[in-house]
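What follows is a set of notes on a single structure, which appears directly below.
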Amino acid sequence: MHRLRRYASLYGALCRISLVQEMMFKVNFLLWIFVETLWFALQLAFMGVLYEHTDQIAGWTKWEVIALSGASQFLMQLVSITVITNLTNLSELIRTGKLDFFLLLPVNTRFLISTRKFEAGNVFNALLGLAVLAYALSRLGIIPSVVQVAGFVLLCAAGLVIHYSLMFLLAIIAFWTVRAQGIVWGYYNLFNIARLPDGAIPRGVFKVVFTFVLPMLLVSNVPVKLLTDRLQSPGEMGVLLVLAAGCLALSEWVWRRAIRQYTSASS
Amino acid sequence: MGKYLHVLSIGIQNTLVYRVNFLFRAVFGLVPLMGTLFVWQAIYAGKGPDSMVGAYTLQGMVSYYLVITFVDALTAVAEDDWQIAADIKDGAISQFLLKPMDYLAYRLCLYLSGRTIYTAVALIPVTLFALYLREYFLLPASAGTAALFVVSLLLAALLQFFLAYTMALLAFWVLDVSTFIFIQFAFEYICSGHLFPLDILPPAIARALQCTPYPYLCYFPAAVYLGRVTGGELIQGLMIQTAWVLGAFVLARWVWARGLRRYSAAGG
Numbered sequence: 001m002h003r004l005r006r007y008a009s010l011y012g013a014l015c016r017i018s019l020v021q022e023m024m025f026k027v028n029f030l031l032w033i034f035v036e037t038l039w040f041a042l043q044l045a046f047m048g049v050l051y052e053h054t055d056q057i058a059g060w061t062k063w064e065v066i067a068l069s070g071a072s073q074f075l076m077q078l079v080s081i082t083v084i085t086n087l088t089n090l091s092e093l094i095r096t097g098k099l100d101f102f103l104l105l106p107v108n109t110r111f112l113i114s115t116r117k118f119e120a121g122n123v124f125n126a127l128l129g130l131a132v133l134a135y136a137l138s139r140l141g142i143i144p145s146v147v148q149v150a151g152f153v154l155l156c157a158a159g160l161v162i163h164y165s166l167m168f169l170l171a172i173i174a175f176w177t178v179r180a181q182g183i184v185w186g187y188y189n190l191f192n193i194a195r196l197p198d199g200a201i202p203r204g205v206f207k208v209v210f211t212f213v214l215p216m217l218l219v220s221n222v223p224v225k226l227l228t229d230r231l232q233s234p235g236e237m238g239v240l241l242v243l244a245a246g247c248l249a250l251s252e253w254v255w256r257r258a259i260r261q262y263t264s265a266s267s
Numbered sequence: 001m002g003k004y005l006h007v008l009s010i011g012i013q014n015t016l017v018y019r020v021n022f023l024f025r026a027v028f029g030l031v032p033l034m035g036t037l038f039v040w041q042a043i044y045a046g047k048g049p050d051s052m053v054g055a056y057t058l059q060g061m062v063s064y065y066l067v068i069t070f071v072d073a074l075t076a077v078a079e080d081d082w083q084i085a086a087d088i089k090d091g092a093i094s095q096f097l098l099k100p101m102d103y104l105a106y107r108l109c110l111y112l113s114g115r116t117i118y119t120a121v122a123l124i125p126v127t128l129f130a131l132y133l134r135e136y137f138l139l140p141a142s143a144g145t146a147a148l149f150v151v152s153l154l155l156a157a158l159l160q161f162f163l164a165y166t167m168a169l170l171a172f173w174v175l176d177v178s179t180f181i182f183i184q185f186a187f188e189y190i191c192s193g194h195l196f197p198l199d200i201l202p203p204a205i206a207r208a209l210q211c212t213p214y215p216y217l218c219y220f221p222a223a224v225y226l227g228r229v230t231g232g233e234l235i236q237g238l239m240i241q242t243a244w245v246l247g248a249f250v251l252a253r254w255v256w257a258r259g260l261r262r263y264s265a266a267g268g
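Line by line, the protein sequences give chains A and B. Heads up: the first sequence begins at 1 in my numbering, then just goes up one per residue. Heads up: the second sequence begins at 1 in my numbering, then just goes up one per residue.
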């Protein structure tokens, strides 16, 4: 409990420092919020265009797909707020040997390198995603129960853990290849998969990979299906939770191996 | 001319370093494309056999995306705009003001060499992907169509470069150009036909888009390839495309001249 409080106050301090840094460039801060909003609007416009030509995609109606877009936007923005910047910078820390500095601090190194920079601007975009989800639900005439909302929060947390662990795994490839920034950016392409209604993907290698190896087809689909009563069985939620635990464990195991063979640079 | 050929060859050698990076990018880039194609397949399956979306059958739709992927590999601006902005910010362009070498021509050479290497690398995954979808893949209807496609592709590449170059020149005025680049890229992504063919939009919007340069970056070459524009319409399209290229070139020169007046050669 004491440890938890220490890390919470540490995270609070990191957030404050990040916010102060952001506020030095206020216009830029607002422009980034605009950029993210624009890209989200663009995805919604694409869905709008698709539904000009059809009533349903694999059994998903327009507002169900928009709810899905909102939820995956929410998750992606949560990842952006907390870890993306830090993980893309990890390869720089390794290349320049600055990682030494973090290894010496009396704090869990993985915690520090994952959460160092807090992207406050994305909070707005996360809320926007949530608002779109809520609006889509209201268009569908759905008022989720307390249990459903609680389940949604839990499943989103699991989705966050999955995104984080996979991205972390990609980032620590840099311990072996030194340059991995491009690989982490490549992860952005995977967010595109998370927005798709899972029923649209036919059985095959693609579906298996993106359900069980890189569970993109689960992270936003399952929470939305819970809210819209589309779950075929509670097993889908079980798979998501088990995979979240698995991804986290795997990333921790690889991290320990990586750090063991780290030799620093230029010193 | 010789000195620019030299730049071209140096550019090729430098970008060869990034071949693995390029391969990753090309492969990762195919993932969302596959997702989009699955969604279209689901839409066509829901509408029943032989259904159409706009003027597209499922086969027409899939080959549209394949051609777009190909056009994108050949013309997209990768790191050029960031590098130009960085050159301005840390004063690296000062040397070009002293040397008998034109910065725009220099960057154009680097862009062309970058595209050559990227296309060579991306050809592997893209060809495999096209083979996987071979039942949907269409070759141009005739040699004439193929030739006109190459012309419109070259014009699209020039237009793409001049627009990106002009965007990057904003670095003369603002500290961080990346937001502006992303905003313009967002518009380009949807208005150039990257995300979906523009003629499935409501006619009023599609016509309005035709008044912007964006369709000539992607949609127009693809439409030429697929034989969707022919005859007089095609010639007119190529002329408009050429006009946009010239306009973008003049704009790039003008912005450069204005920017130099503000330039303080920081760090140079």
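For each residue, glycine too, the CB sits at the ideal point set by N, CA and C. These numbers were taken from a predicted model, which means no experiment stands behind them.
Which complete alpha helix (DSSP H) runs does the stretch 97-139 of chain B hold, if anything under 4 residues is left out? 103-132
Between the stretch 24-36 of chain B and the stretch 113-128 of chain B, are three or more C-beta pairs nearer than 8 Å? yes
DSSP-derived helix/strand/coil call for Y165 (chain B): helix
Where the alpha helix (DSSP H) containing C218 (chain B) begins and where it ends: Here C218 (chain B) belongs to no alpha helix (DSSP H), and DSSP marks it neither H nor E.
With a threshold of 7 Å on Cβ separation, who are the neighbours of Y164 (chain A) within its own chain once the five nearest residues in sequence on each side are excluded? V79, V83
Please state the DSSP three-state secondary structure of Q56 (chain A). strand
Note down the Cα distance separating I183 (chain A) from V213 (chain A), rounded to an integer number of angstroms. 17 Å
Where H194 (chain B) falls, given that 16 or more other Cβ within 10 Å makes a residue buried: buried
To which residues of the same chain is R270 (chain B) closer than 7 Å at the C-beta, ignoring the five residues directly before and after it? Given that chain B is displayed from residue 1 to residue 268, the structure contains no residue 270 (chain B) and the question cannot be resolved.
In chain A, what lies closer than 9 Å to L209 (chain B) by C-beta? None at all; the shortest Cβ gap to chain A is about 12 Å.
What would DSSP say about T36 (chain B), mapped onto helix, strand or coil? helix
Given a threshold of 16 other Cβ atoms within 10 Å of its Cβ, counted over all protein chains shown, does G268 (chain B) qualify as buried or as exposed? Residue placement at G268 (chain B) cannot be trusted, given a pLDDT of 49 that sits under 50; what the coordinates show is reported in the next sentence. Per the 10 Å Cβ criterion, exposed.
Which of the residues in the stretch 156-175 of chain A, read from start to end, lie with their CB under 8 Å from any CB of chain B? none
How is V77 (chain B) classed by DSSP in three states: helix, strand or coil? coil
Taking the C-alpha atoms as reference points, what is the distance between L338 (chain A) and R110 (chain A)? With chain A covering only 1 through 267, there is no way to say anything about residue 338 (chain A).
Can you tell which of A:I142, A:L38, A:Y7, A:L155 has the C-alpha that lies nearest to the C-alpha of E188 (chain B)? A:L38
At the level of alpha carbons, what is the spacing between D87 (chain B) and L128 (chain B)? 37 Å
Under a three-way DSSP split, which group does T242 (chain B) fall into? helix
Kindly indicate if chain A contains any beta-carbon less than 9 Å away from that of I68 (chain B). no
Contact set for L272 (chain B): own chain, Cβ-Cβ below 7 Å, skip 5 residues either direction: The question about residue 272 (chain B) has no answer, for chain B in this structure spans 1 to 268.
Are there 16 or more other CB atoms within 10 angstroms of the CB of T211 (chain A), so buried, or fewer, so exposed? buried
Would you mind reading off the limits of the alpha helix (DSSP H) that contains F168 (chain A)? 146-171
Would you please verify whether the beta carbon of D55 (chain A) is less than 9 Å from any beta carbon of chain B? yes
DSSP state of V177 (chain B) mapped onto helix, strand, coil: coil
For Y56 (chain B), which residues does DSSP report across the bridge? B:V53
For the alpha helix (DSSP H) that L30 (chain A) lies in, which residues bound it at each end? 26-50
Ordered list of beta strand (DSSP E) runs contained in the stretch 70-138 of chain A, each at least 3 residues: none
Interface partners of F38 (chain B) on chain A, CB under 8 Å: L196, A200, I201, P202, F206
Express the C-alpha separation of Q184 (chain B) and I249 (chain A) in angstroms, rounding to a whole number. Checking the sequence, you will find Ala at residue 249 (chain A) rather than Ile. The alpha-carbon atoms of A249 (chain A) and Q184 (chain B) are separated by roughly 40 Å.
Under a CB-based cut-off of 9 Å, is M34 (chain B) close to chain A? yes
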